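*Asks:*
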Amino acid sequence: MEDIVRVAGLTKEYGQGEVAVHALRGVDLAIRAGDFTAMAGPSGSGKTTLLNLIGGLDRPTSGEVAIEGRSIGALSMSALSRLRRDRIGFIFQSYNLIPVLTALENAEYVLMLQGMSAAERQDKVRFILKEVGLEGLEKRFPRELSGGQQQRVAIARAVVSEPALVLADEPTANVDSKTAAGLMDLMARLNEEKGATFLFSTHDQAVMKRARKLLLMQDGQVAYAGDPVDEMCEENDGRE
Amino acid sequence: MALRLAWRSLWRNRRRTLITVVSIGLGLTCAVFFICFAEGVYHQLIEDVVRMQAGHVTVEHKDYQAAPAVDLFVGNAERLRTRIGELAEVQETKLLVLGQGVARSGTGSVGASVMGVEPSVEAKMSMLPRHMVGGRYLEDADEARVVVGTKLAERLHLAEGKKLVLTTNDASGALTEELFRVAGVFETGVEEIDGYLLQMPISFARRLYGLPAGSATQVGAVLKDSGDEARVLHKVSRLVEGGESRAYPWQEIIPEVASYIRVDRSSNWIFQGILLFLILFTIFNTILMSVLERQREFAVLLALGTSPWLLRRQIVLESFFIGILGSALGLTLGGLAAYALEVYGFDITRLYGQGVSISGAFISPIMHARVTARILFWLGVIVIGATLLISLVPMRRATRVNIVDELR
Numbered sequence: 004m005e006d007i008v009r010v011a012g013l014t015k016e017y018g019q020g021e022v023a024v025h026a027l028r029g030v031d032l033a034i035r036a037g038d039f040t041a042m043a044g045p046s047g048s049g050k051t052t053l054l055n056l057i058g059g060l061d062r063p064t065s066g067e068v069a070i071e072g073r074s075i076g077a078l079s080m081s082a083l084s085r086l087r088r089d090r091i092g093f094i095f096q097s098y099n100l101i102p103v104l105t106a107l108e109n110a111e112y113v114l115m116l117q118g119m120s121a122a123e124r125q126d127k128v129r130f131i132l133k134e135v136g137l138e139g140l141e142k143r144f145p146r147e148l149s150g151g152q153q154q155r156v157a158i159a160r161a162v163v164s165e166p167a168l169v170l171a172d173e174p175t176a177n178v179d180s181k182t183a184a185g186l187m188d189l190m191a192r193l194n195e196e197k198g199a200t201f202l203f204s205t206h207d208q209a210v211m212k213r214a215r216k217l218l219l220m221q222d223g224q225v226a227y228a229g230d231p232v233d234e235m236c237e238e239n240d241g242r243e
Numbered sequence: 179m180a181l182r183l184a185w186r187s188l189w190r191n192r193r194r195t196l197i198t199v200v201s202i203g204l205g206l207t208c209a210v211f212f213i214c215f216a217e218g219v220y221h222q223l224i225e226d227v228v229r230m231q232a233g234h235v236t237v238e239h240k241d242y243q244a245a246p247a248v249d250l251f252v253g254n255a256e257r258l259r260t261r262i263g264e265l266a267e268v269q270e271t272k273l274l275v276l277g278q279g280v281a282r283s284g285t286g287s288v289g290a291s292v293m294g295v296e297p298s299v300e301a302k303m304s305m306l307p308r309h310m311v312g313g314r315y316l317e318d319a320d321e322a323r324v325v326v327g328t329k330l331a332e333r334l335h336l337a338e339g340k341k342l343v344l345t346t347n348d349a350s351g352a353l354t355e356e357l358f359r360v361a362g363v364f365e366t367g368v369e370e371i372d373g374y375l376l377q378m379p380i381s382f383a384r385r386l387y388g389l390p391a392g393s394a395t396q397v398g399a400v401l402k403d404s405g406d407e408a409r410v411l412h413k414v415s416r417l418v419e420g421g422e423s424r425a426y427p428w429q430e431i432i433p434e435v436a437s438y439i440r441v442d443r444s445s446n447w448i449f450q451g452i453l454l455f456l457i458l459f460t461i462f463n464t465i466l467m468s469v470l471e472r473q474r475e476f477a478v479l480l481a482l483g484t485s486p487w488l489l490r491r492q493i494v495l496e497s498f499f500i501g502i503l504g505s506a507l508g509l510t511l512g513g514l515a516a517y518a519l520e521v522y523g524f525d526i527t528r529l530y531g532q533g534v535s536i537s538g539a540f541i542s543p544i545m546h547a548r549v550t551a552r553i554l555f556w557l558g559v560i561v562i563g564a565t566l567l568i569s570l571v572p573m574r575r576a577t578r579v580n581i582v583d584e585l586r
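These protein sequence lines are chains A and B, in that order.
The first sequence begins at 4 in the numbering used here and counts up by one.
The second sequence begins at 179 in the numbering used here and counts up by one.
(1) Give me, in chain order, the residues of the same chain whose beta-carbon lies closer than 8 Å to that of Val-579/B; leave out the 5 immediate sequence neighbours on both sides.
(2) Distance check for Leu-27/A and Ser-48/A, CA to CA, integer angstroms please.
(3) Counting C-beta neighbours from all protein chains within 10 Å, is the total for Ser-444/B 16 or more, i.e. buried, or is it exposed?
(4) Quick one: does Leu-183/B have its CB under 8 Å from some CB of chain A?
(5) Hey, is Thr-464/B's beta-carbon within less than 8 Å of any beta-carbon in chain A?
(6) With 8 Å as the threshold, decide whether the Cβ of Val-494/B is near any Cβ in chain A.
(7) Quick one: Cα of Leu-495/B to Cα of Ser-201/B, how far?
(8) How many Å lie between Val-456/B and Asp-442/B at the Cα?
(9) Should the segment 94-109 of chain A be regarded as contacting the segment 67-85 of chain A, the criterion being three or more beta carbon pairs within less than 8 Å?
(10) Give the residues of chain A in contact with Glu-475/B, contact being defined as C-beta atoms less than 7 Å apart.
(11) Below 7 Å on C-beta distance, what does Ser-485/B contact in chain A?
(12) Measure how close the beta-carbons of Ile-34/A and Ile-7/A come, nearest whole angstrom, since I'm counting them as under 8 Å.
(13) Which of the three DSSP states, helix, strand or coil, is assigned to Leu-433/B?
(14) Have a look at the DSSP bridge pairing and note the partners of Pro-379/B.
(15) Would you call Asp-320/B buried or exposed, if buried means 16 or more other Cβ atoms sit within 10 Å of its Cβ?
(16) Using 10 angstroms around the beta-carbon of Val-268/B, count the other beta-carbons present and answer buried if the total reaches 16, otherwise exposed.
(17) Are the beta-carbon atoms of Leu-417/B and Ile-262/B separated by less than 8 Å?
(18) Is the segment 499-516 of chain B in contact with the segment 557-571 of chain B, if contact means three or more CB pairs nearer than 8 Å?
(19) With respect to the alpha helix (DSSP H) encompassing Asp-126/A, which residues constitute its N-terminal and C-terminal limits?
(20) Taking contact to mean at least 3 C-beta pairs separated by less than 8 Å, is the segment 326-338 of chain B in contact with the segment 278-287 of chain B?
(21) Who are the Cβ neighbours of Glu-317/B in its own chain at under 7 Å, not counting the five residues just before and after it?
(22) Going by beta-carbon coordinates alone, are Lys-402/B and Leu-265/B separated by less than 8 Å?
(23) Could you check what DSSP says for Glu-338/B in three-state terms: helix, strand or coil?
(24) What is the DSSP secondary structure of Ala-319/B, reduced to helix, strand or coil?
(25) Can you tell which of Pro-433/B, Val-571/B, Val-410/B, Tyr-438/B has the C-alpha that lies nearest to the C-alpha of Arg-490/B?
(26) Leaving aside the five residues before and after His-546/B along the sequence, list all residues of the same chain whose C-beta is less than 7 Å from its C-beta, in chain order.
(27) Distance cutoff 8 Å, beta carbons only. Does Leu-585/B sit that close to anything in chain A?
(28) Ends of the beta strand (DSSP E) at Arg-28/A?
(29) Return helix, strand or coil for Asp-172/A, following the three-state DSSP convention.
(30) Closer than 7 Å by beta-carbon distance: list the chain B residues that pair up with Asn-55/A, in chain order.
(31) Taking any Cβ of chain B, which residues in the segment 201-228 of chain A have a Cβ under 8 Å from it, in chain order?
(32) Hey, how far is the Cα of Leu-353/B from the Cα of Gly-313/B?
(33) Report yes if the CB atom of Gly-185/A is closer than 8 Å to the CB atom of Gly-37/A, and no otherwise.
(34) Given a cut-off of 8 Å, decide if Val-360/B and Val-324/B are closer than it, judged by their beta-carbon atoms.
(35) At which residues does the alpha helix (DSSP H) containing Phe-215/B begin and terminate?
(36) If the cut-off is 9 Å on Cβ atoms, which residues from the segment 104-128 of chain A count as contacting chain B, listed in chain order?
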């Protein structure tokens with residue numbers, strides 16, 4: 004299978020000189036199409052920084068990120084914008100839905116940016132909202148939805164445009180364990196049925212165990228990349 | 179979607195948006211009302227003054243402006259007025275003979291400003307005949323009759339039927355004098371008019387100053403619509419081309435009134451501009467606060483692939499909506515208030531007594547506003563344009579958001 008993401012020698016420093024913080028110290032990794040990868044590690048190990056760099060939200064200090072074989076380091080801001088719009092879906096820890104848009108409008112936002120016709124948008128979004136179990140809640144605003152429902156809308160928003168890669172930063176951190184399990188079921192199903200490639204960070208042992216591949220981050224480096232192993236998952240469980 | 183986002187974002191903080199819209203609305207209401215009121219006064223001033231004098235467009239001897247003298251007259255005035263009167267834009271033509279003299283009675287003498295008029299034309303055009311407080315106004319058949327102001331009548335102890343002698347120099351420079359009887363006394367409340375002006379039939383004025391029949395100091399055209407002034411001036415100029423006469427707009431005939439309007443209009447717009455400028459700070463504050471509160475949301479939108487251009491458009495649309503709503507409120511309220519004043523008028527004598535003088539000119543004491551689509555359009559454009567302009571700073575803030583920092 005082809006690599007959706009290829010990261011080589013990636014470093015990221017915040018600040019300069021003696022106060023510089025080395026968030027990433029030469030990360031190399033590859034994510035293949037259809038992967039369902041969890042990224043774990045203690046706070047400050049560089050998980051979010053790595054996700055931000057892969058998603059083109061931030062620029063590395065050195066090294067390279069390639070999405071679908073195309074290096075993103077030299078892309079302009081607007082080209083990066085287009086890349087995020089067309090090829091990457093984002094799921095944030097605190098949902099980050101647009102409060103003045105309904106569930107349906109939130110989910111269709113990226114399709115609208117892509118210039119899809121209203122009718123086609125509506126069809127796709129209604130289908131995906133049904134898939135994530137939000138049928139009948141399409142017209143509700145985020146404030147009228149529970150945390151779990153909001154995260155389902157966020158997942159729908161991330162996958163509706165069928166991106167090459169879905170990046171999720173601790174997608175289950177703000178929901179209870181039952182809801183977290185439901186969200187993981189949903190993402191796993193979307194991965195299997197739609198072939199969506201997922202890379203998500205987590206502190207949750209149960210979430211790690213659901214992944215087919217585990218990346219362990221330690222001090223800005225990849226300490227382990229391979230199958231989820233129970234002991235490792237338990238060691239890195241930060242869930243209270 | 180940008181429209182929907184902008185509109186809904188506007189109403190997230192309903193109270194703040196309403197306060198902003200009402201602030202713009204009330205400020206614009208004041209601006210519309212006072213500008214329309216001032217425009218009404220200027221219009222009234224122009225119309226009243228030009229009707230009392232020789233009209234919107236005046237023909238004089240080309241040297242008269244530099245050194246007014248009775249021997250500088252328009253010889254073919256009657257013929258010229260016929261041709262001017264044929265112009266479609268012209269409501270009425272007027273002939274005036276202007277001069278100076280010394281009015282004497284048994285009790286004293288006073289320098290007087292003499293105006294030879296066509297009584298029937300004046301009765302239609304000028305406000306003076308409507309301000310007679312004793313006797314009557316002149317009639318076309320009158321011979322040696324004059325009307326004088328109350329102040330002049332007081333100084334010379336004149337009243338209806340009393341005699342006065344007017345001494346002056348005629349067009350040849352010779353000293354001449356005539357005996358007149360007072361037909362009536364007028365009162366405008368304006369010292370320059372009531373104290374010095376003396377009107378007599380134009381035929382007798384010609385005789386007094388030794389002017390040929392059919393001549394006049396001024397040939398004037400009163401227009402149906404003052405907006406046609408430039409066109410009529412051009413046409414009349416062509417009629418007198420090559421002769422000894424020249425056509426002037428009223429602004430050159432009564433420069434003090436034109437200057438007054440220019441200065442007053444400028445200061446009025448500056449004052450209203452300052453008011454609007456202060457209101458724009460409210461809008462600026464609202465939009466900036468609204469943007470600063472939503473930094474995280476903008477970061478999400480940018481992360482999802484929204485182009486900075488689209489985000490800017492959303493901020494501009496929010497400002498545009500605020501501007502439109504405020505302008506609609508202000509133009510409606512201000513327009514209605516000014517329209518009421520246009521229809522019903524305001525009697526300024528309640529504040530200042532009978533006469534109203536602006537820059538030495540006598541105007542009707544009932545003041546009317548003048549609401550024009552042009553004023554409303556430009557005020558709306560200014561407010562909406564300024565609103566859009568001040569949204570530039572918040573707009574830049576929105577698109578310069580650090581996505582990673584905001585999402586952390």
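Just so it is clear, CB atoms sit at the ideal spot from N, CA and C, and this is done for glycine as well.
Everything numeric in this text was worked out from a predicted model, so none of it was measured.
*Replies:* In this structure, then:
(1) Numbered from its first residue, the second sequence carries residue 579/B at position 401. Counting only Cβ-Cβ distances below 8 Å, and skipping sequence neighbours, we find Gln-473, Phe-476, Ala-477, Leu-480.
(2) Start at 1 with the first residue of the first sequence, and residue 48/A comes out as number 45. Start at 1 with the first residue of the first sequence, and residue 27/A comes out as number 24. Roughly 8 Å separates the two Cα atoms.
(3) By 1-based counting over the second sequence, the position of residue 444/B is 266. Looking at its Cβ environment, which holds fewer than 16 other Cβ atoms inside 10 Å, Ser-444/B is exposed.
(4) As a working note, residue 183/B is residue 5 in the second sequence. Leu-183/B counts as touching chain A.
(5) Here the question's residue 464/B lines up with position 286 in the second sequence. It does not; no Cβ of chain A falls within 8 Å.
(6) Your numbering for residue 494/B matches position 316 in the second sequence. No, because no Cβ of chain A sits closer than 8 Å to the Cβ of Val-494/B.
(7) Reading the second sequence from its first residue, position 317 is the one you call residue 495/B. Reading the second sequence from its first residue, position 23 is the one you call residue 201/B. The straight-line gap from Cα to Cα measures roughly 19 Å.
(8) As a position in the second sequence, residue 456/B is number 278, starting the count at 1. As a position in the second sequence, residue 442/B is number 264, starting the count at 1. The residue you asked about is not Val; residue 456/B is Leu in the sequence shown. Whole-angstrom Cα-Cα distance: 21 Å.
(9) no
(10) For the purposes of this step, residue 475/B is identified with residue 297 of the second sequence, where counting begins at 1. Simply Ile-101.
(11) Counted from its first residue, the second sequence places residue 485/B at position 307. What Ser-485/B touches in chain A: Ser-81, Ser-84.
(12) Within the first sequence, residue 34/A is the residue found at index 31, counting from 1. Within the first sequence, residue 7/A is the residue found at index 4, counting from 1. Right, their Cβ atoms sit about 5 Å apart.
(13) Your numbering for residue 433/B matches position 255 in the second sequence. Looking at the sequence itself, residue 433/B is Pro, so the reference to Leu does not match. Residue state, collapsed to three classes: helix.
(14) Within the second sequence, numbered from 1, the residue matching residue 379/B stands at position 201. Answer is Val-295/B.
(15) As a first step, residue 320/B is located in the second sequence; it is residue number 142 there, counting from the start. Per the 10 Å Cβ criterion, buried.
(16) Position 90 of the second sequence, counting from 1, holds the residue named residue 268/B. By the 10 Å Cβ count, Val-268/B comes out buried.
(17) Here residue 417/B is taken as the residue at index 239 of the second sequence, counted from 1. Here residue 262/B is taken as the residue at index 84 of the second sequence, counted from 1. For Leu-417/B and Ile-262/B, yes; Cβs fall inside 8 Å.
(18) yes
(19) If you number the first sequence from 1, residue 126/A lands on position 123. From DSSP, the alpha helix (DSSP H) with Asp-126/A extends over 121-134.
(20) yes
(21) Within the second sequence, numbered from 1, the residue matching residue 317/B stands at position 139. These residues qualify, in order along the chain: Pro-297.
(22) Here residue 402/B corresponds to residue number 224 of the second sequence, with the count starting at 1. Here residue 265/B corresponds to residue number 87 of the second sequence, with the count starting at 1. Cβ atoms of Lys-402/B and Leu-265/B: not closer than 8 Å.
(23) As a first step, residue 338/B must be located in the second sequence, where it is residue number 160. In this structure, Glu-338/B counts as coil in the three-state DSSP scheme.
(24) Along the second sequence, one-based indexing puts residue 319/B at 141. It is coil, neither helix nor strand.
(25) Sequence index remark: in the second sequence, residue 490/B carries index 312 (1-based). Selected option, being the one with the closest Cα: Val-571/B.
(26) Looking up residue 546/B in the second sequence gives position 368. These residues qualify, in order along the chain: Gly-218, Gln-222, Leu-519, Glu-520, Gly-523.
(27) Here residue 585/B refers to the residue found at position 407 of the second sequence. Answer yes: the Cβ-Cβ gap between Leu-585/B and chain A drops below 8 Å somewhere.
(28) Position 25 of the first sequence, counted from the first residue, corresponds to residue 28/A. Element bounds for Arg-28/A: 24-35.
(29) Taking the first sequence and counting its residues from 1, the one referred to as residue 172/A is at position 169. Three-state DSSP puts Asp-172/A in a strand.
(30) In the first sequence, residue 55/A corresponds to position 52, counting from 1. Here the neighbours are Val-582.
(31) none
(32) Taking the second sequence and counting its residues from 1, the one referred to as residue 353/B is at position 175. Taking the second sequence and counting its residues from 1, the one referred to as residue 313/B is at position 135. Taking the straight line joining both Cα atoms gives about 30 Å.
(33) As a position in the first sequence, residue 185/A is number 182, starting the count at 1. As a position in the first sequence, residue 37/A is number 34, starting the count at 1. For Gly-185/A and Gly-37/A, no; Cβs fall outside 8 Å.
(34) Sequence index remark: in the second sequence, residue 324/B carries index 146 (1-based). Sequence index remark: in the second sequence, residue 360/B carries index 182 (1-based). In contact: Val-324/B and Val-360/B (Cβ atoms closer than 8 Å).
(35) Within the second sequence, numbered from 1, the residue matching residue 215/B stands at position 37. Counting along the chain, the alpha helix (DSSP H) containing Phe-215/B begins and ends at 192-230.
(36) Leu-104, Glu-108, Glu-111, Tyr-112, Val-113, Met-115, Leu-116, Gln-117
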